[in-house]
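In this note's numbering, the protein residues as written are 6 to 127. Ideal Cβ placement from N, Cα and C applies to all residues, glycine included. One structure below.
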């Protein structure tokens, strides 16, 4: 239950894209496994967009606005989760790519240094 309170306190930071990658991944995984927190997330959208004027909705991506136009808050939450999972996977893939690139570059530098030493001293 404490984890649910923590997750529910992350709804607004998630919406504002202020969570770290680790926190966002934890948040999304929890929403996928906890019906109560997912419903709380849906209620956030109902309050934030369903009860207010269209001024906030105009700033959203068209794919989100389309769901808001028909008051499909469940679909909106599912789409947000799906897009977040894609974003997390894209960032992880990029991080892996960066690490591999860094290792290859360092390998070339080490090889160049060894060749330089061999040429200089032998």
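task = Report the option in 27, 69 and 108 whose CA atom is closest to the CA atom of residue 83.
result = With respect to the C-alpha of residue 83, the residue from 27, 69 and 108 having the closest C-alpha is 69.
request  = State the Cα-Cα distance for the pair residue 87 and residue 118, rounded to the nearest angstrom.
outcome  = 47 Å
query = Leaving out five residues before and five after residue 79 in sequence, what residues of the same chain have Cβ atoms less than 7 Å from its Cβ?
reply = 47
message = Quick check on this structure: which residue in 101, 113, 96 and 21 has the alpha carbon closest to the alpha carbon of residue 27?
response = Nearest in C-alpha terms to residue 27, of all of 101, 113, 96 and 21, is 96.
query = For residue 92 versus residue 20, is the C-beta spacing smaller than 9 Å?
reply = no
ask   = So which of 12, 109 and 50 has the shortest CA-CA distance to residue 74?
value = 50
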